[in-house]
Amino acid sequence: MKKNIEQARERMKASGFKMTPKRLDLLAYLFEANRYVSAREVAEELRVSHPSLSYDTIYRNLNDFAAIDILETTELDGEMKFRAACQSGHHHHHLICRTCGKTETLDVCPMEWVSPIKDSGFEVEDHKFEIYGRCAACQK
Ligand SMILES: [Zn+2]
Ligand SMILES: [Zn+2]
Ligand SMILES: [Zn+2]
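All residue numbers for the sequence shown refer to this note's numbering, where the first residue is 3 and numbers rise by one.
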């Protein structure tokens with residue numbers, strides 16, 4: 003957790019963002035939560051410690067941090083959700099629970115099976131693959 007914050011601080015500095023007590027608390031909450039949360043959930047959480055922090059500021063901060071890869075985003079049921087980016091360093095995908103926002107690692111990449119792309123002449127730069135459902139705990 004401390005390491006995550008340090009990495010985030012470095013990345014922010016490199017991109018010209020200042021770490022403030024508000025941003026620190028925002029990131030600490032996301033690293034702690036370790037699941038997809040909406041900006042509204044973050045706002046509710048921070049309202050106690052930072053009553054002056056507006057929803058718009060929180061939303062903007064979340065998007066800024068996503069842009070510099072401190073957070074990852076996904077759209078769940080029409081709402082943008084944010085989560086601390088994985089630091090595993092190896093390529094993987096996620097199973098995402100729509101109920102609680104928790105993710106599980108999927109250690110296979112379907113790109114390996116999409117062979118027709120190779121013949122199309124298309125140059126792949128990036129890809130996304132997410133599986134949505136309900137985790138074991140949320141099925142009970
Ligand atoms: Zn991951
Ligand atoms: Zn769940
Ligand atoms: Zn992949």
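We put the CB at the ideal spot given by N, CA and C, even for glycine.
Taking C-beta atoms as the reference points, residue 68 and residue 75 count as a pair closer than 9 Å. The beta carbon of residue 71 is closer than 8 Å to those of 13 and 87 in its chain, skipping five residues each way along the sequence.
In the DSSP annotation of this structure, the continuous segment of the beta strand (DSSP E) that includes residue 83 starts and ends at 81-86. If you ignore the 5 residues before and after residue 128, its C-beta comes within less than 8 Å of no other C-beta in its own chain.
Between residue 108 and residue 94, the beta carbon gap of about 6 Å places them in contact (Cβ cut-off 8 Å).
Counted as a single uninterrupted DSSP element, the alpha helix (DSSP H) harbouring residue 8 occupies residues 4-16.
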